[in-house]
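J.: Numbering (this note's numbering), first residue to last: 4 to 194.
Note that beta-carbon positions come from the ideal geometry of N, C-alpha and C, so glycine has one too.
Keep in mind it's a predicted model, so treat the numbers as computed, not measured.
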Amino acid sequence: MNIIAVQEPRDRRESGVAHILLSADAIQSRVRELAGEVDGWYPEATPLLVGVLTGAVSFMTDLMRAMRIPMVVDFMAVSSYGASTKSTGVVRILKDLNDEIEGRHVVVVEDIVDSGLTLQYLLDVLERRNPASLRVVALLKKEKADAIDVQVDLIGFTIPDEFVIGYGLDYAGEYRNLPYVAVLDPSAIRG
Ligand code: IMP
């Protein structure tokens with residue numbers, strides 16, 4: 004993996020960047036590949052893509068525009084870490100889907116799988132609603148020995164177990180508008 008050092012922050016949004024892990028170009032080209040794979044899952048069906056707010060917004064919008072099959076989208080919001088960098092394991096639905104998913108082919112679009120707890124919770128909730136099928140595409144998965152063994156059908160990048168920001172991912176709500184994925188500078192961690 005290429006680690007590109009950031010010498011000086013170029014603009015204010017880059018203040019918490021320690022170093023860039025995945026460039027905007029690398030992300031865009033991988034997202035196009037992922038879109039092709041998801042297209043291939045549904046030669047006839049029109050899948051429902053479920054984006055997990057807020058982190059998956061950048062990934063979702065790029066993925067859906069790179070897909071070439073008919074599809075529909077919906078979003079769910081679950082509780083996040085707030086100003087912590089560790090998962091609490093307690094997940095709450097903050098916003099549910101607008102429509103029923105019974106009999107639909109559902110693809111969960113996740114930004115990152117860390118401990119796997121959030122995704123596992125979400126899959127349990129969705130499975131109980133009897134979709135025709137349930138698949139998962141995650142842009143990032145952390146290399147983590149103690150992560151739970153959760154279903155992820157497609158992974159964009161496997162990354163080291165560090166807290167990352169950018170391309171939708173936040174720390175305390177900020178940095179989502181970075182076009183790349185970067186490691187958070189520890190000096191930017193509050194408290
Ligand atoms: P998990 O439950 O530990 O797998 O965490 C999943 C959720 O936590 C993701 O959907 C993200 O919203 C958030 N998260 C996990 N790791 C990171 C990170 O490194 N940066 C930003 N958000 C993260």
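1) Which parts of the stretch 65 to 124 are runs of the beta strand (DSSP E), unbroken and 3 residues or longer, counting only runs that do not cross its ends?
2) Val116 and Leu97 look like a contact to me (Cβ under 8 Å); what is the Cβ gap, rounded to whole Å?
3) Quick check: is any heavy atom of the ligand IMP less than 6 Å from the C-beta of Ser118?
4) Which same chain residues, not among the five before or five after Asp215, have their C-beta less than 6 Å away from its C-beta?
5) Can you find a C-beta in chain B that's less than 7 Å from the C-beta of Tyr124?
6) Out of Leu137, Ala29, Asp99, which one is the CA nearest neighbour of Ala48?
7) Just to confirm the assignment, what range does the beta strand (DSSP E) spanning Leu37 have?
8) Excluding the 5 residues preceding and the 5 following Gly169 in the sequence, name in chain order all residues of the same chain whose CB lies nearer than 6 Å to its CB.
9) Using 6 Å as the cut-off, classify the Cβ of Asp156 as near or not near the heavy atoms of the ligand IMP, replying yes or no.
10) Taking the alpha carbon of Arg95 as the reference point, which residue from Leu143, Val55, Leu25, Arg15 has its own alpha carbon closest?
11) Just curious, the beta strand (DSSP E) that Leu181 is in, first and last residue?
12) Identify, in the order they occur along the chain, each residue of the same chain with its Cβ nearer than 7 Å to the Cβ of Asp164, setting aside the five sequence neighbours on each side.
13) Report the partner residues of Tyr174 according to the DSSP bridge assignment.
T.: Based on what the coordinates show:
1) Every beta strand (DSSP E) of 3 residues or more that sits fully in the stretch 65 to 124 is shown, in chain order, as 75 to 81, 96 to 98, 108 to 116.
2) Indexing the sequence shown from 1 puts residue 116 at position 113. Indexing the sequence shown from 1 puts residue 97 at position 94. The Cβ separation is near 19 Å, so there is no contact.
3) The residue given as residue 118 occupies position 115 in the sequence shown. True, at least one ligand heavy atom lies under 6 Å from that Cβ.
4) Lying outside 4 to 194, the shown extent of the chain, residue 215 is not represented and no answer is given.
5) In the displayed structure, chain B is absent; only one protein chain is listed.
6) As a first step, residue 48 must be located in the sequence shown, where it is residue number 45. Looking at Leu137, Ala29, Asp99, the one whose alpha-carbon comes closest to that of Ala48 is Leu137.
7) Within the sequence shown, residue 37 is the residue found at index 34, counting from 1. Note, Leu37: premise wrong, no beta strand (DSSP E); alpha helix (DSSP H) at 27 to 44.
8) Looking up residue 169 in the sequence shown gives position 166. So the qualifying residues of the chain are Tyr178, Leu181, Tyr183, Val184, Ala185.
9) Numbered from 1 along the sequence shown, position 153 holds the residue referred to as residue 156. Remark: the shortest separation between the CB of Asp156 and any heavy atom of the ligand IMP does not fall under 6 Å.
10) By one-based count along the sequence shown, residue 95 stands at place 92. For the residues Leu143, Val55, Leu25, Arg15, the minimum Cα distance to Arg95 belongs to Val55.
11) Start at 1 with the first residue of the sequence shown, and residue 181 comes out as number 178. No beta strand (DSSP E) contains Leu181, which DSSP labels as neither H nor E.
12) Stepping through the sequence shown from its first residue, residue 164 is reached at position 161. The residues are Lys145, Glu146, Lys147.
13) Taking the sequence shown and counting its residues from 1, one reaches residue 174 at position 171. As a beta-bridge residue in DSSP terms, Tyr174 pairs with Glu177.
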